[in-house]
Every structure is written in C-alpha cells, then in structure tokens.
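See below for the structure under consideration.
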Amino acid sequence: MGRVSTARSTLRLGAGAGFSGDRIDPARDLAERGELDYLIFECLGERTVATGQARRLIDSNAGFDPLLDKRMRAVLPHTTANGTTVVTNAGAANPVAAAELVARTAAEVAAGPVRVAAVTGDDVLEQVRRHNPVVWETGRHLSEHAEELVSANAYIGAGAVISALELGANVVITGRLADPSLYLAPLAFEFGWQASDYATLGAGTAVGHLLECAGQLTGGYYADPVTKPVPNLAYLGFPFADVRADGSAVFGKLDGSGGTLTTRTCAEQLLYEVGDPVAYLTPDVTADFTGVSFSQVATDRVAVEGATGGIRPDELKVTLGFRGGWLGEGQISYAGPRALQRAELAGDIVRQRLREVHGLAAENIFVEFIGAGAAFRGLDARSDPHEVRLRVTAQAASFDAADAVGWEVEALYTNGPAAGGGARRSTTEVLSIRSCLIPRHLVPTDVHLLEVTK
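Under this note's numbering, the residue at position 183 of the sequence shown is numbered 183, and the numbers go up by one with no gaps.
The following block contains the structure:
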C-alpha cells in the first residue's frame, strides 16, 4: 500500500482545517513553525460537495472550496520551504480545476518547484444511474425518485492519495475523500502499511479521526465558560500528531497558541460523529475504537494507543444531491413587553398570507421564535423573553413563490405588530442530500499531475 520510510521513526501530521469555512491563520502557523511532514486540510461536508456540483453546473471552472486560493497563498511559501506535503479534499466537485488554480498560485508564491496532483474518480453520477441503488432515506431505488439528481460522489479512500504521493506530489487535491483517509494515506505511504493490515490501518484511522476536525481537538466546540474553560479561543491553535509506525501517536499544539489539548478534549473528539465505536466504517478499514486509551504526557501533549480494525466494507458510501426546489426565509425582531405575543401575531399573519395570497402549502411553512425556546422544539417550558426573533421559512417549487416568504416578513414593518425591526430575507435553491451504497469496483480513481517550475 505504501513505501517504507527510513528517514524518521515518527511522522508529524498537522491539521490545517476542519471544515470549508475554517480559519486560515492557525494553518499558516503550523506550516511556518510546526516542523510538519504533512499538512492536511479537511474541507468537505456532505452538503459541501453537492453545493459545489451545483456551482459547477453554472461554471465548469467552479465547484471547489472558495477559500482554496487563500489557504494555499498562506501556507505554500512555508510548506515548500520546509519540505511539507499538503493533502486536501478542497477540490470538492472539481479537483482538476482546483489543482490548476493551486499550480498558478504556486508559480507565484512557492519557494521552489511544486508537483500538484488532482485525484479524480469520486464523481460517480453515471455509475449510480446505471447501478440504480436503494436510497437509504426513502428505501426506494434511485430510478423511483422524481427529483432531478445533480450529483453523486463516493467516499474514496487512502489508496487514491497514495497513488499521487508515489508520483512525488507536493500538493494532493481530492474530491470526496473520506475524512480520516486524508491522514491515513501519508501514514500508509511512509510506513509501508499494507491494505490488508487492518489492525494498523484502524490505529491510523483513529489518528485521522482525532485530527480531522482541527480545532475541535484543542478546545473548539468543547469549550464552556463554566464547566470547561478554554484559554485564548480567539487564537485557537490547531493540533498535530507525531505518529509511530505502529499507529500510536502523541498529539500536540504549537507553544503559545490558544486552546487546550487534554485527554478530555481527545475523548470528546474520538466519539464525535461515530455511530458505532466497534465498527466505524471507512473506505479503508472497519475501525474499532473501543480499546483506545489516552494519557496526558505533558501540557498540551496527549498520547493515544489501542485502536484496531477489521476488514474494509465491500461497498462505498455515496452522497446524492437532488434539486429540491427553493427555500424562502424571513426574519424580524421584537423586543420589550409582550415581545413573544407580538412575534406570535406576526408569525400568524405571515403564515396566513403565504397560504391564502401566495398559495403555499401549509405543511411547507415553518415558524419559529428564536430566543423563546425554538432550539428545544417545544420540549422546554414556555418563557417570557424580553426579545424574540421571528423566523419564517417555506419550501416552494419556484423562486418567486419562495421569495414571497421574505417579502411578507419584511412587509410586517408597516403591516404587522408594533416595533418590529432588523428584518432580513433570503431565497436559495434547495439541494436535498441523501445517501446510498455502490460496489467499490465501480469507483476507479486516477491522478492528474501538474508540474510547477520556479
């Protein structure tokens, strides 16, 4: 699956991003002074890829992470000077166009020659149409759905990135690669882990899973001012891991950076988005996290060991994107005495007009009162807040019908209860995200290499 590294007994991997809108300065700091072998940017959610595919339908050169150029401009001067390889799934729906952009950026800012690789093959729209799988959320075959299918992206694994690393790539850009596979690929490549060595691949997957959300491991999303205080969150440092050939690792963050890295932050991240810790399914391995143990070996340094794994799944998960009409939204605030009652009256007015004047179906109209227990969906006791923000949303088949939602909310200024203010409106196309499985042999991958000379 990879080569055997003779240069070092450990490999240092740094987390450069945990989602598409993540901060850039912590990644730049890691690139500059983290002494990294690899810097990894995890930039995709399930909706992110489908949204990228929708953008690509409008512009064939679009579809990748909008922050990709800014990220690369920030880190490439340092990664190329320090011999750090960059791996990212920020190619989203268009990894080839993303690689071309990065090559142009590298020509301007890199400290030396750069080899940029685009990994393709995760776009399986035609294969899915031919295979006609069962859609998880509906239990019906794909062909039985009336909505227009606009995207289908399979979760590919570490092997696709290893192929790029074998070609000497300094920057590897993929589409829908599984999050922990971004980290597993460099480990398998450098340490020579075989595709059948499931125990070690499971250990490497645990490392990748812990790093993939970046700042969440160092106190982001973990923090609570009372029970779990985290220092200097404004300058939260992203984590790195020093990984040994057996898959065990020590996690850390840069000295002087904000945040905290403890056994508690690691334990929370280990369980994040894991439905079954005995069988965490990835394209590379069925990981088992039940034997994982953490130990605090120094301030902001945590050792991990004990993960293992079993045989990988025969099928790959595919994220499907369907056109789902349009979503209209309007918001307006009420404050002072009887704020909730005025917001409720305003919501009744808008709901009635959307039904009777604009012809929207009642079941597609949703009204909530932010600040009055909206997040609890009626499970919290009714309160009497001093400030409430009315939010009305509705799904419709056309832009004009959905746009009526924000229009009617805005009209409350002079046609509704007293003292409404701060109205906002938006209308956006809806992409419905669903999932299915297809056999992995239907998902071949390829590598496109670009050379940048300096």
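Beta carbons: idealized from backbone N, C-alpha and C, even for Gly.
Open item on the list: Pairs of beta-carbons, one from the region 424-444 and one from the region 341-350, closer than 8 Å: are there three or more?
Closed with: no
TODO: Tell me whether His209 sits in a helix, a strand or coil according to DSSP, three-state version.
DONE: Numbered from its first residue, the sequence shown carries residue 209 at position 209. Note: His209 maps to helix in three-state DSSP.
Task: Separation of Gly21 from Thr427, as counted between CA atoms - done: Numbered from 1 along the sequence shown, position 427 holds the residue referred to as residue 427. Numbered from 1 along the sequence shown, position 21 holds the residue referred to as residue 21. C-alpha separation (whole angstroms): 21 Å.
Task: Residue range of the unbroken alpha helix (DSSP H) whose run includes Val116 - done: Position 116 of the sequence shown holds residue 116. Note, Val116: premise wrong, no alpha helix (DSSP H); beta strand (DSSP E) at Val114 to Thr120.
Open item on the list: Any contact between the region 326-336 and the region 301-309? By contact I mean 3 or more CB pairs, one from each, below 8 Å.
Closed with: no
TODO: My understanding is that Thr260 touches Phe294, with C-beta atoms under 8 Å, so please give their C-beta distance in whole angstroms.
DONE: The sequence position of residue 260 within the sequence shown is 260, counting from 1. The sequence position of residue 294 within the sequence shown is 294, counting from 1. Between Thr260 and Phe294 a beta carbon distance of about 14 Å is seen, past the 8 Å cut, so the two are scored as non-contacting.
Open item on the list: I'd like to know whether the C-beta atoms of Asp380 and Thr10 end up nearer to each other than 9 Å.
Closed with: One-based indexing of the sequence shown puts residue 380 at position 380. One-based indexing of the sequence shown puts residue 10 at position 10. Their beta carbons are not under 9 Å apart, which means Asp380 does not touch Thr10 by this criterion.
Task: the region 145-164 in contact with the region 186-206 per 3-pair CB rule at 8 Å - done: yes
Task: Whether His35 touches Arg73 by CB criterion (9 Å) - done: Mapped onto the sequence shown, residue 35 falls at position 35. Mapped onto the sequence shown, residue 73 falls at position 73. One detail in the question is off: residue 35 reads as Glu in this sequence, not His. Contact: no.
- [ ] Kindly indicate if chain C contains any beta-carbon less than 9 Å away from that of Glu212.
- [x] Protein chain content of the structure displayed is limited to a single chain, and chain C is not contained in it.
TODO: Let me know if Asn170 comes out buried or exposed under the rule of 16 or more other beta-carbons within 10 Å of its beta-carbon.
DONE: Stepping through the sequence shown from its first residue, residue 170 is reached at position 170. Here Asn170 is buried, its C-beta having at least 16 other C-beta atoms within 10 Å.
TODO: Look at the alpha carbon of Lys253 and the alpha carbon of Pro229, and state the distance between them as a whole number of angstroms.
DONE: Your numbering for residue 253 matches position 253 in the sequence shown. Your numbering for residue 229 matches position 229 in the sequence shown. So the alpha carbons of these two residues sit roughly 17 Å apart.
- [ ] Identify which residue in Arg244, Arg323, Gly208 and Gln296 has its Cα closest to the Cα of Tyr272.
- [x] As a working note, residue 272 is residue 272 in the sequence shown. That would be Gly208, whose Cα lies nearest to the Cα of Tyr272.
Task: Sub-9 Å separation of Val250 and Val292 beta-carbons - done: Position 250 of the sequence shown holds residue 250. Position 292 of the sequence shown holds residue 292. No, the Cβ-Cβ distance between Val250 and Val292 is not below 9 Å.
Task: Any non-hydrogen atom of the ligand PLP within 8 Å of Gly359 CB - done: With respect to the ligand PLP, the structure shown offers nothing to examine, as it has no ligands at all.
TODO: Counting only the same chain and skipping the five closest in sequence on each side, list residues whose C-beta sits under 7 Å from that of Thr105.
DONE: Position 105 of the sequence shown, counting from 1, holds the residue named residue 105. Asp69, Met72, Arg73 and Leu76, listed in sequence order.
Open item on the list: Does the region 137-153 come into contact with the region 43-62, if we say contact requires no fewer than three beta-carbon pairs (one atom in each stretch) closer than 8 Å?
Closed with: yes
- [ ] Quick one: grab the DSSP three-state call for Ser432.
- [x] On the sequence shown, position 432 is the one that residue 432 refers to. In the structure shown, Ser432 sits in a strand (DSSP, three-state: E or B).
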